[in-house]
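Residue numbers (the numbering used here): 21 to 347. Think of the CB as a built atom: it goes at the ideal place given N, C-alpha and C, for glycine as much as any other residue. This one's a predicted model, so the numbers in the text were calculated from it and none came from an experiment. One structure below.
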């Protein structure tokens, strides 16, 4: 009875009248909570022709041997499975570069996949031929579709303050403040452990972030007092932010917190919680912070990824007056 009460209290839990049992979303946090092994996407094999099923199994094994993240493995296997299903009974190793070009044209013209999705599928298929089959020059003549160059969506200082002021719940406010105040990805926020906070050095350790890279970020001085107050009130055990039944807070919960805060603050911009990270980087740039420092704090491998903020967040550009204002 106690276990059932815990399951019913979990976010996303549902009762199945047919199976007469409770279900929860298949997430790493729930697998850890119930001591269930990590998800394997072998179910994708069901609709793949027998001739190509060994290739799929080898593909999954190679991704795991290279220690790719669960998110990358899920994305790559899904995209590769879609490719194998499209081949039907044609053996994947017999495909020529010309046939592949035709397939990607099919993805763009017939399936109407976005440029980003085609890039993702191309990377997944490229991994098979080059990393599993070791055909290094196989993709040499296959062009990539040009991706749309989108600027990051950001909030201004007043909007950020309104979001914080409209969030009464202390835990929720701390989550949003640390996300913005340290420029964190939502996946990094929920993984923060109490032991990661070093208040003496005013730094926070971000462990195994995107690309499995560790980094340190600066802990804002203005949040220290509220952070101590939060700890005394909520007494988290392992993770800085934990759910009602223990374990790390979920990404979906953080997204819901941000959405509620936006609604209460009456901000109508179409922007997600990742916009707090974009805003952090943009506001640092506007304050005169060197690009290389911002790159380090955000955990970007390539400076070009960081330079996207320079296209929309430079105050020098914003000060340029339109000729219309001179009439």
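Practice task
Note the first and the last residue of the continuous beta strand (DSSP E) segment covering residue 226.
Solution key: DSSP places residue 226 inside the beta strand (DSSP E), whose first and last residues are 223–226.
Exercise for the section: Can you have a look at residue 97 and say buried or exposed, based on whether 16 or more other CB atoms are within 10 angstroms of its CB? Expected result: By the 10 Å Cβ count, residue 97 comes out buried.
Practice task
Could you check how far apart the C-beta atoms of residue 199 and residue 297 are, in whole angstroms? I think they sit under 8 Å.
Solution key: Correct: roughly 7 Å between the Cβ atoms.
Exercise for the section: Provide the residue span of the beta strand (DSSP E) that contains residue 96, from first to last. Expected result: Residue 96 -> not in any beta strand (DSSP E); alpha helix (DSSP H) instead, spanning 90–107.
Handout entry: C-alpha distance - residue 57 paired with residue 339, whole-angstrom precision
Key = Any reading at residue 57 must be qualified, since the residue scores a pLDDT of 46, below 50, and its modelled position is unreliable; no value is offered.
Handout entry: Pick from 132, 213 and 114 that is closest to residue 153, judged by C-alpha positions
Key = If you compare the alpha carbons of 132, 213 and 114 with that of residue 153, the shortest gap goes to 114.
Handout entry: DSSP state of residue 173 mapped onto helix, strand, coil
Key = Residue 173: coil per DSSP, three-state reduction.
Handout entry: N- and C-terminal bounds of the alpha helix (DSSP H) containing residue 251
Key = 244–254 is the span of the alpha helix (DSSP H), which, as asked, contains residue 251.
Problem - Residues near residue 326 by beta carbon distance below 8 Å, same chain, minus five either side - result: If we look at residue 326 and ignore the five residues flanking it on each side, its Cβ neighbours are 301, 311, 314, 315, 318 and 320.
Problem - Between the CA atoms of residue 266 and residue 170 - distance to the nearest angstrom - result: Taking the straight line joining both Cα atoms gives about 38 Å.
Exercise for the section: Would you identify the three-state DSSP class for residue 329, choosing helix, strand or coil? Expected result: It is helical.
Problem - For residue 217, the residue or residues it bridges with in DSSP - result: The partner list for residue 217 (beta bridge, DSSP) reads 224.
Problem - Closest Cα partner of residue 222 within the set 100, 228, 229 and 243 - result: Of the candidates 100, 228, 229 and 243, the one whose C-alpha sits nearest the C-alpha of residue 222 is 243.
Practice task
Label residue 125 either buried or exposed according to how many other C-beta atoms from any shown protein chain fall within 10 Å of its C-beta, with 16 as the threshold for buried.
Solution key: Burial call: exposed.
Problem - Check whether residue 281 and residue 186 have beta carbons under 9 Å apart - result: Residue 186 is positioned such that its CB atom lies closer than 9 Å to that of residue 281.
Problem - Where residue 43 sits in the DSSP three-state scheme - result: DSSP, reduced to helix, strand and coil, places residue 43 within a strand of the structure shown.
Handout entry: Proximity below 9 Å, CB of residue 260 to CB of residue 217
Key = Their beta carbons are under 9 Å apart, which means residue 260 touches residue 217 by this criterion.
Practice task
Can you give me the Cβ contacts of residue 103 inside the same chain, cut-off strictly under 6 Å, excluding the 5 residues immediately before and after it?
Solution key: Taking residue 103 as the centre and dropping the five residues before and after it, the same chain places the C-beta of 145 closer than 6 Å to its C-beta, in chain order.
Problem - Extent of the continuous beta strand (DSSP E) to which residue 235 belongs - result: First-last of the beta strand (DSSP E) with residue 235: 235–238.
Practice task
Rounded to whole angstroms, what's the CA-CA distance from residue 60 to residue 343? Just pull it up for me.
Solution key: Residue placement at residue 60 is flagged as unreliable, the pLDDT there being 47, under the threshold of 50; the coordinate-derived value follows with that caveat. Residue 60 and residue 343: Cα-Cα distance of roughly 59 Å.
Handout entry: Alpha carbon of residue 329 to alpha carbon of residue 71, nearest angstrom
Key = Near 47 Å, if we compare the C-alpha coordinates of residue 71 and residue 329.
Problem - Per-residue DSSP class, three states only, for residue 60 - result: In this predicted model, residue 60 has a pLDDT of only 47, less than 50, meaning its place in the structure is not dependable; the value taken from the coordinates is given anyway. Residue 60 falls in the coil class under three-state DSSP.
Problem - For residue 269: DSSP bridge partner residues - result: In DSSP, residue 269 forms no bridge with anything.
Problem - Opposing strand residues paired with residue 262 [DSSP bridges] - result: The partner list for residue 262 (beta bridge, DSSP) reads 268.
Problem - Cutoff 8 Å; reference residue 290; Cβ partners in own chain excluding five residues on either side - result: Once the five neighbours on either side are set aside, the close Cβ partners of residue 290 are 173.
Practice task
From the DSSP output, read off the bridge partner residues of residue 34.
Solution key: Paired residue(s): 43.
Handout entry: Spatial distance of residue 73 from residue 232 (CA atoms)
Key = Distance between the alpha carbons of residue 73 and residue 232: 30 Å.
Exercise for the section: Say whether chain D places a C-beta atom closer than 9 Å to the C-beta of residue 119. Expected result: The structure shown contains no chain D, having only a single protein chain.
Exercise for the section: Assuming residue 269 and residue 224 form a contact by the criterion Cβ under 8 Å, report the distance between their Cβ atoms to the nearest whole angstrom. Expected result: In fact, because the Cβ distance is near 16 Å, the residues do not count as touching under 8 Å.
Practice task
With DSSP collapsed to three states, give me the class of residue 347.
Solution key: In the three-state reduction of the DSSP assignment, residue 347 falls in the coil class, being assigned neither a helical nor a strand state.
Practice task
Report the three-state DSSP secondary structure of residue 74 (helix, strand or coil).
Solution key: Annotated three-state conformation of residue 74 is helix, per DSSP.
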